[in-house]
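Counting from 36, one number per residue, gives the positions in the sequence shown under the working numbering.
Glycine included, C-beta positions come from ideal geometry on N, C-alpha and C.
Comments concern the structure below.
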Amino acid sequence: MLLERCLKDDQRAQSELYKLLYAKLIGTCWRYASDKEQAIEYLNLGFVRILLNLKQYRQEVPFELWARRVTINTIINEFKKNKIWKDRNRVGLPEHTANRSEESDLSSAQQEMFEAIRSKALQLPPMTLKVFNLFAIDGYSHGEISEMLGISEGTSAWHFSDAKRRIREGLGLTKAQKNE
36 MLLERCLKDD QRAQSELYKL LYAKLIGTCW RYASDKEQAI EYLNLGFVRI LLNLKQYRQE
96 VPFELWARRV TINTIINEFK KNKIWKDRNR VGLPEHTANR SEESDLSSAQ QEMFEAIRSK
156 ALQLPPMTLK VFNLFAIDGY SHGEISEMLG ISEGTSAWHF SDAKRRIREG LGLTKAQKNE
């Protein structure tokens with residue numbers, strides 16, 4: 036098994052694992068990076084942490100989900116370590132990764148709506164965008180987000196609610212229209 040070979044420091048197996056995870060993790064890294072180099076740096080840092088913590092992986096959880104969580108936690112730690120919270124203007128998917136409909140199972144109407152939502156999300160304040168990504172896209176709870184970002188659960192919930200409101204307003208949707 037590939038993971039067992041990685042645990043034995045088999046470099047060929049580690050290279051294989053990197054190639055398998057690359058496509059699955061680079062999109063996650065793009066959401067938090069300002070450019071391609073930073074996304075790749077996040078991916079590489081995350082992969083090192085995956086290898087270092089491979090002994091802690093439990094098979095009850097799908098490996099890709101575990102690897103994604105390790106990568107996201109690595110990115111959050113980098114944000115904290117580099118104290119870039121206040122220095123960042125925007126964090127999200129760069130423009131050149133937006134048109135990937137050929138890799139998507141979405142219909143053209145769904146893809147168009149996805150692009151509109153993504154475009155409005157990129158206009159959110161940095162902390163609100165981080166919470167939105169972590170909650171809506173990466174599936175973290177407000178409790179987990181509060182621990183990661185050093186904010187209260189209520190503040191996390193507020194940022195998510197604010198993100199939804201701003202995105203709806205940006206799309207010209209009101210609550211009444213949303214419920215129809």
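Secondary structure of residue i, DSSP reduced to three states
| i | result |
| --- | --- |
| SER69 | coil |
| SER139 | Below a pLDDT of 50, predicted positions are generally treated as unreliable, and SER139, at 49, falls in that range; the measurement from the model is reported next regardless. Residue state, collapsed to three classes: coil. |
| LYS115 | helix |
| LYS155 | helix |
| GLY185 | coil |
| SER176 | coil |
| TYR57 | helix |
| ARG93 | coil |
| ASN79 | helix |
| LEU100 | helix |
Close-in-space but distant-in-sequence residues of the same chain around residue i (CB under 8 Å, 5 per side omitted)
| i | result |
| --- | --- |
| ASN88 | VAL105 |
| TYR77 | CYS64, TYR67, ALA68, THR106, THR109, ILE110, GLU113 |
| LYS155 | ARG201, ILE202, GLY205, LEU206 |
Opening and closing residue of the alpha helix (DSSP H) in which residue i lies
| i | result |
| --- | --- |
| LYS165 | 161-167 |
| PHE195 | 188-205 |
| ARG40 | 37-42 |
Cβ neighbour criterion (16 or more within 10 Å) applied to residue i
| i | result |
| --- | --- |
| SER176 | exposed |
| VAL96 | exposed |
| ILE172 | exposed |
Beta-carbon proximity list for residue i, same chain, < 6 Å, skipping 5 on both sides
| i | result |
| --- | --- |
| GLN91 | none |
| ALA48 | LEU37, ARG40, CYS41 |
| LYS116 | none |
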